[in-house]
Every structure is written in structure tokens, then in C-alpha cells.
Amino acid sequence: MPSDRADRPPLRQIEVPTASRGQRLDLFLAGALENVSRSRVQLMLEQGAVEVDGQPAKASHRLRGGESLAVLADPEPPPLRAIAEQIPLNIIYEDDDLAVINKPAGMMVHAGAGSTESERNRGTLVNALLYHVGNLSSAGGELRPGIVHRLDKQTSGLIVVAKNDAAHAKLSAMFSRRQVRKVYLALVQGALPQEAGSINAAISRDRVRRTRMTTRREGGRTALSHWQVLRRLDGPYGRFTLASVRIESGRTHQIRVHMASIGHPVAGDTLYGAATALTPTGKAPGHSFPRLELGRNFLHAAELEFAHPRTGKPLAFASELPPELAEFMARLA
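Note that this note's numbering has the sequence shown beginning at 1454, numbered continuously upward.
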């Protein structure tokens, strides 16, 4: 029975030069197809989208020179587009222009540009929004519809999303002009030295560990955080400080890297030096205390205030600590 492939004209026809004799097919194609990665070439080969003299061939096929290669698929995959997924979502406010969501820890806001087709529907906030909210602004692109600002995956709390492009533009301008009030609750290791303070330190990408940000490089982006002590804990697991942190800028990992820069990493934030697990310090002899692991960062976007992008009416939202954070802090006291 003839294959559907026989009815498709090749998108590219390549004659293998004799100088390429003995070369692997995937390596040859990666060089012959401009701006196409080897992983993309291998995927095309796995899907039977490349033929050597009319027959599908494996990536490891050794060329002899003089063959005719037919490329039957577009070397550039279509751009990824987020799709709706039925995921529980805590929508605390919604109108025709925007929605405010209470995001749980562990949920990514959107898939990254490097995500594959199979990864695009893996429980992101965007996937859930497309199911529950429907229309979202297109200004953020196909993978980030509606997204005006972000929260880290392991940070919980309030995030506003735009439902149309006009709202998106106005909200983005508010964030850029620092007209949005954002307050977080952070439990940090150790005792903060004062009752309140500010950290004004530019943030840039760490040159060695690319998943981290740092305040130790010149030329970073300006970042300003203001903190105030809410509660001090000194129990069997040592000293901790619960603080409210208001950020004027919105840099990647801003609170996490700022608090770590003054020697007080956010509890649970092992990327920036927090303990992986907590063990008793010996302050309570005769008592048995278990080893504690949080499994997330103790960082929660608790307050969000801004003017409505259409009406100008002031909007203010608040979110309490999620149960896992409240319980963790109670066990530290």
C-alpha cells in the first residue's frame, strides 16, 4: 500500500557531494540546512521526513556521496502556542479587562521559549487561564497571552493578567512607571539587623551559574526593595524573621537575591543559600524535633494595588499565607 509520503513533493532536494562520503546523515543535514539544530534534524529523521534515494534513513546512516536527499518537512517547526487545560484556578477578581489570580507555588506562569510541543501543556498558569478565562491579550505572544508580570514557580500569591491588548498596554505602563504596589511576605533565615530597611542593589545574571541572579556584577538593572520586620522567631530550629517586602522594581528573583545579598536568604530557597532541611539547634534538650523540609520558597505575593486600566478606579487585593507556609512557620516557633 503506497505511503502518503509518496504524494508529498519534497520541500528541499539536496545532492550529497562526494567529499561527504562516510559522514553521518544527521551531521551532514545539520550543516546543509542553515540555522537548523541537530536535535531538530534528528526529530525529522525519526518522523521519516528525510529520504535518501527515495527511502527513509536513520540518523546514523553513513553517506557514500552522490545520493539524493529529499526533505519532506519544514526544518523550522511551527511556533508553539499555549493551549487551554482544565486546571483548578483561584480567581479572586475578574471583569472584562483583567483578572487577578492567587497562584499556588509549583505552578509556572508560562512555558519558556525553549519548551517543546509536548511540554507546552504542563500545568502552567497560562494553560489554566485559557480554560477558565478564555480571551486574553495577545501582546505577550503565543506562549504568554495575558501575562503582564510574573511570579517565580515556587512563589505563591497575587498576579494580574490582561484580557485585552488595551488593558495589557496600560497595565504594563503602570508596572514600568512603578505605579503598582506589590508587597510580599518573606520568611528569611537569621535575625534581620533592624526593624526596617531598604536594599538598593542592581541585579544581573550570574556569569557562572546561569540559573541565578547576582548583585555582585557591574552594569546590572536597578532594583530597590524595602523590608519591614513583622515577627521574629527564635525556636528549636534557630532564628528566622518574617518580613513584609515591598518592591519598586520587578527584576528576576529580586527579593530572593536581595535578601541573600545581606546574608538572610529566603527560607527554602536553596538556589540562594538557604538550608535544604532544618534540624534542631539543641536549644530544647529533652524534646524530639523532626527534620523540617519546606519544599518551596517561603515567599508569597500578599498585596497588589493598582488603578483599573479602563476606569482608573483604585483596586486593592490581599492574600493570606497559604496553609503550608503558615504551618511551617508555626513549627519553627
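Think of the CB as a built atom: it goes at the ideal place given N, C-alpha and C, for glycine as much as any other residue.
Check, Outcome
"Would you list the one or two residues that DSSP bridges to TYR1637?", "VAL1698, ALA1754"
"In the DSSP assignment, the alpha helix (DSSP H) including GLY1576 goes from what residue to what residue?", "Here GLY1576 belongs to no alpha helix (DSSP H), and DSSP marks it neither H nor E."
"By how many angstroms is the C-alpha of ASN1555 removed from the C-alpha of ILE1540?", "13 Å"
"Given this structure, state the Cα-to-Cα distance separating PRO1775 from SER1609, to the nearest angstrom.", "8 Å"
"Closest by CA to THR1723, which one among LEU1542, LYS1616, THR1664, ALA1615?", "THR1664"
"Find out if the Cβ-Cβ distance for the pair ALA1526, ALA1502 is shorter than 9 Å.", "yes"
"Output needed for ILE1715: all residues of its chain with C-beta closer than 7 Å, excluding positions within five of it in sequence on either side, in chain order.", "ILE1652"
"What is the DSSP secondary structure of SER1434, counted as helix, strand or coil?", "For the chain, the structure presents residues 1454 to 1786; residue 1434 sits outside this window and is missing."
"Put SER1678 into one of helix, strand or coil per three-state DSSP.", "strand"
"Starting from SER1521 and walking both ways along the alpha helix (DSSP H), at which residues does that stretch end?", "No alpha helix (DSSP H) contains SER1521, which is instead part of the beta strand (DSSP E) from 1521-1524."
"Apart from the five residues on each side of it in sequence, which residues of its chain come closer than 8 Å, Cβ to Cβ, to LEU1677?", "SER1651, ILE1652, ASN1653, ILE1700, GLU1701, SER1702"
"What residue ranges within the segment 1577-1637 form continuous beta strand (DSSP E) runs of no fewer than 3 residues, ordered along the chain?", "1609-1615"
"Considering only C-alpha positions, which residue in the set GLY1587, SER1513, VAL1614, LEU1778 is nearest to GLY1593?", "VAL1614"
"Given that a residue counts as buried once 16 or more other Cβ atoms are within 10 Å of its Cβ, and exposed if not, what is GLY1599?", "buried"
"For GLY1726, verify whether its CB is less than 8 Å away from any heavy atom of the ligand SAH.", "Of the ligands one can find in the structure shown there are none, so the ligand SAH has no counterpart to examine."
"Let me know the secondary structure DSSP gives TYR1725 once reduced to three states.", "helix"
"In chain order, what residues of the same chain lie with their CB nearer than 6 Å to the CB of MET1561, ignoring the 5 residues before and after it?", "THR1577, LYS1606"
"Return the CA-CA distance between MET1431 and HIS1706, expressed in angstroms with no decimal places.", "Since the first residue shown for the chain is 1454 and the last is 1786, residue 1431 is missing from the structure and cannot be characterised."
"For a quick check, are the C-beta atoms of HIS1799 and LEU1638 less than 9 Å apart?", "For residue 1799 there is no data in the structure shown, the boundaries of the chain being 1454 and 1786."
"Taking the continuous alpha helix (DSSP H) assigned at VAL1505, which residues delimit it?", "Unbroken run through VAL1505 is the beta strand (DSSP E), 1503-1505; no alpha helix (DSSP H)."
"Tell me which residue opens and which closes the beta strand (DSSP E) that GLY1484 is part of.", "Counting along the chain, GLY1484 falls outside any beta strand (DSSP E), though it belongs to the alpha helix (DSSP H) covering 1478-1485."
"Please work out which residues of its chain come closer than 6 Å, Cβ to Cβ, to GLY1748, disregarding the five sequence neighbours upstream and downstream, and give them in chain order.", "none"
"Report all residues from its chain with a CB closer than 7 Å to the CB of LEU1778; omit the five preceding and five following residues, and keep chain order.", "PHE1751, HIS1753"
"Checking 9 Å against the spacing of the C-beta atoms, do ALA1696 and LEU1686 come in under that value?", "no"
"Are ILE1612 and VAL1524 closer than 9 Å when you measure CB to CB?", "no"
"Below 8 Å on the Cβ atoms is my guess for PRO1718 versus GLN1642; work out the distance and round it to an integer in Å.", "6 Å"
"What whole-angstrom Cβ distance do MET1627 and VAL1636 have, given they're in contact under 8 Å?", "Not confirmed; about 16 Å, so no contact."
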